[in-house]
Each structure stands twice: as structure tokens, then as C-alpha cells.
Amino acid sequence: MNLSTEYLGLSLPHPLVAGASPLADDVDGVRRLEDAGAAAIVLRSLFEEQITREQLSEFDNLERHGDSFAEATSYFPTPDAFALGPFEYLNHLRRAKEAVRIPVIASLNGATPGGWIEYGRQMEQAGADALELNLYRISTNPDTTSADIERQAIETVREVKKAVSIPVAVKLSPFYSAFAHLARELDRAGADGLVLFNRFYQPDIDAEELTAVRTLHLSNSTELLLRLHWMAILSGRVRASLAVTGGVHTALDVVKATMAGAHVTQTVSALLIHGPGHLRTILADLAAWLEQHEWDSLSRMRGNMNLSKVPDPDAYERSNYMLMLRGWRT
Ligand SMILES: Cc1cc2nc3c(=O)[nH]c(=O)nc-3n(C[C@H](O)[C@H](O)[C@H](O)COP(=O)(O)O)c2cc1C
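Have a look at this one:
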């Protein structure tokens, strides 16, 4: 049974990657993920704000301009709110690389071009096999257009690509008005991989206390559907390799993601719920499923359900939508 795959130019024995999560925040956790069979590990993100803050404090700016920054900085989490500051992150990356043989992918999280991107180079020097760039952004300014946001995203990717020579994957949200166009432009800007999709921060409201409540619900397999849809649309249309993150809990989820076109599937919630050993279960179930269904390799099924051969995908999308609504019977 051949489960091997290529992702970001890395040859992996199978597509199960441990996505960015606290599970790899210490070296023991990194080892546990390798022992459980992860083909690669993505470390948690280092945030643009953490780096910028460090750069600011290096120049003593926060103190000198304390008054003007006071309000703005009060919104930022304090440095100790992060598990790893910029310096600790690079140290952890170095130690993680020494501890395991599988590829370790570092993660940078930011939204606009800037000096923080230089950290990509330091991550490369610390041994990262690849970078995952998480372009998390909620644009609340009505004067900012979708074109502005996409231009900045593309520029950010170009700058990261210029800063490093390791492969760069871009982790994206689905909330762009012309996602297929953006994906192609990121591909043209040199992104080596596209990771679909970020999950968004969705605060709840505590109606008694009149406060916004931070929530983080773990996913289930229903979240996979949005990823399958876009994977099927992009597969065969971009050069970049494709990763699914979000809703991968079972071997069948991996099969579906592969059929839609994914080169790898990243898992987080399932590992937080069941422990890293769940990777071993998914892997065994995956091999069993392929055998039962007489597939000799994953690569033969990759993209076999994508939409690249559909002559008019826009019309196809609308007709499926109409048929789905009309098919509802009370
Ligand atoms: C506790 C927690 C921490 C996370 N931290 C990061 C992070 O630092 N960077 C990142 O890109 N994604 C982060 N994620 C998102 C995951 O990598 C993943 O994309 C998301 O949870 C969807 O996958 P899942 O359905 O398998 O959980 C985090 C998720 C969780 C639950």
C-alpha cells in the first residue's frame, strides 16, 4: 500500500501532518507526535505583533512613547500571554529539529508586509524545513477594499519568499470574495503550498455580564465540507501543493480530502480530543480502507473528484445549489 505524498517539495511517507497547535509546544510533545506517526509537524505561530513588539521594545519605543501607545498596546496580549516569545520560539525550533527526524514546519502569523518577515529567515537558520505563513486578517475598516487586502496578502507572500529559501505554504481563510483568483495570484507570487482553511475567532456574548466571550470550539468532521469544496475547485488549477486543515478527524476524512486534491491533511482538534496516538488509528484505518476498496496508492485517487474537468464550474455550482434547495422535502 503506497500512502506516500509530496508536499512543499518534501517527500512524506503518508499525508497525516500534525497541524499548528499547543501539542508541539515542548520537545516531549514534538517527540510524541513523531512516535504517533506524524509525517510532519507544524509548530504554533509566531505572531507579527509579538515580533513588532520586541522590535519596538528593543528601541525602547514603548516606554518613550508610552502615552501615545498606551491605548493601542492595551489591546495586545502581554508577552507572557504567549507560550513562546520570538527568542524562545527559535530556540524551541532548534531543539525540536534536533529531537525528531520528520520535517518541522515553523509558522509565522501576520497580515501585512513589514520588518517582522525577517523572522522567516531566522526560522530557516534555526532549521525549519518549511514555513507556514498564516495570513489571518479581519478587515474592519470600510475604506479598505478587497483589492487592497489581496494586494497586501500577495506582497507579504512575495516578501517572505524573498527572505527565505525554504518552501513557503500560505494558510488562508475562506472569506475572500474571489478566492480562486487570490489563490492563483498567491501561486504566481511563489507560494509553494496553500493551506485551506483557517478557523476564525468568533466571540460569543455573555448577555448577563455584558461582555464578549472568547470561544474556541474544537472542530468536527462537518467542517471538512467547506475545505473539500474549495480543494476540488483549486485542485489541478494551481502549481502549489494543497493542504486541508479543519475537520480532519477520521481516515474517511483523509480519503475525501485526497480525492478533492489534497496532498496532505493537517489534524489538530482530533489530536487534542483523543491524544496524539489518534494519528496511528487514522493511519491504520486509512490503509485498511484503501485495501478494502482496492486502491493500491493514494496518489492514484488524488484529485479524482476535483472540478478541473467541469466545463463551466460557476454554472455547475449554481445548479447544485438550486437542486439541493429544490430537493428538500418536508
Ligand atoms: C488551541 C489551538 C491553537 C492553535 N494555534 C494555532 C497557531 O498558532 N497557528 C495556526 O496557524 N493555527 C493554529 N491553530 C489552528 C489549527 O492549526 C487548525 O488550523 C484548526 O484547529 C483547524 O483544524 P482542526 O479542525 O483539525 O482542529 C490552533 C488551533 C487550536 C485548537
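Just so you know, we're using the working numbering here: the sequence shown kicks off at 20 and counts up by one.
Here a beta-carbon is modelled for each residue, glycine too, at the ideal position from N, C-alpha and C.
| Check | Outcome |
| --- | --- |
| Cβ neighbours of residue 49 in the same chain (closer than 7 Å, five flanking residues each side left out) | 43, 60, 115, 118, 119 |
| Check your reading: residues with Cβ closer than 7 Å to ligand 2 heavy atoms | Absence of ligand 2 from the depicted structure is noted, with ligand 1 being the only ligands included. |
| The alpha helix (DSSP H) enclosing residue 181, as first and last residue numbers | 165-182 |
| Three-way DSSP call (helix, strand, coil) for residue 106 in this model | helix |
| Proximity to residue 275 [Cα-Cα], best of 309, 295, 258, 260 | 309 |
| Residue 334 burial status per 10 Å Cβ neighbour count (16 or more: buried) | exposed |
| Local conformation of residue 25 per DSSP, three classes | strand |
| Alpha carbon of residue 296 to alpha carbon of residue 307, nearest angstrom | 17 Å |
| Cβ-based neighbour list, residue 30, same chain, cut-off 6 Å, excluding 5 preceding and 5 following | none |
| Sequence-distant residues of the same chain with beta carbon closer than 6 Å to residue 151, five excluded per side | 61, 124, 126, 188, 190 |
| Supposed contact pair residue 206 and residue 258 - C-beta distance, whole angstroms, cut 8 Å | 6 Å |
| The segment 205-220 contacting the segment 249-258, beta-carbon criterion three pairs below 8 Å | yes |
| Between the CA atoms of residue 238 and residue 266 - distance to the nearest angstrom | 6 Å |
| Own chain partners of residue 82 with C-beta closer than 7 Å, once the 5 adjacent residues on each side are dropped | Because residue 82 carries a pLDDT of 49, less than 50, the predicted location of this residue cannot be relied on, and no value is offered for it. |
| Residues near residue 34 by beta carbon distance below 6 Å, same chain, minus five either side | 24, 283, 284 |
| Cβ separation of residue 149 and residue 132, assumed to be a contact under 8 Å, to the nearest whole Å | About 20 Å; that fails the 8 Å criterion. |
| Boundaries of the beta strand (DSSP E) in which residue 263 is found, first to last residue | 260-264 |
| Whole-angstrom distance between residue 338 and residue 254, CA atom to CA atom | 21 Å |
| Residue 299, enclosing alpha helix (DSSP H) - first and last residue | 297-311 |
| Of the residues 225, 139, 316, 328, the one placed nearest residue 70, counting alpha carbons only | 139 |
| C-beta atoms of residue 196 and residue 158 nearer than 8 Å | no |
| Residue interval of the alpha helix (DSSP H) (run including residue 124) | Unbroken run through residue 124 is the beta strand (DSSP E), 123-128; no alpha helix (DSSP H). |
| Boundaries (first-last residue) of the beta strand (DSSP E) holding residue 144 | Looking at the DSSP string, residue 144 is not in any beta strand (DSSP E); the run it does join, the alpha helix (DSSP H), is 137-144. |
| Start and end residues, beta strand (DSSP E) containing residue 232 | 230-232 |
| Whole-angstrom distance between residue 325 and residue 279, CA atom to CA atom | 5 Å |
| Environment of residue 36 [buried if 16+ CB atoms lie within 10 Å] | buried |
| Residue 287 burial status per 10 Å Cβ neighbour count (16 or more: buried) | buried |
| Status (buried if at least 16 other CB within 10 Å, exposed otherwise) for residue 347 | exposed |
| Environment of residue 292 [buried if 16+ CB atoms lie within 10 Å] | exposed |
| Secondary structure of residue 328, DSSP reduced to three states | coil |
| Residue 312 versus residue 234: straight-line alpha-carbon distance, rounded | 40 Å |
| Assigned exposure category for residue 142 - 16 Cβ within 10 Å defines buried | buried |
| Residue span of the beta strand (DSSP E) that contains residue 1, given as start and end | The structure shown has nothing for residue 1, since the chain only spans 20 to 349. |
| Spatially closest choice to residue 300 from 210, 241, 272, by CA coordinates | 272 |
| Three-way DSSP call (helix, strand, coil) for residue 227 in this model | coil |
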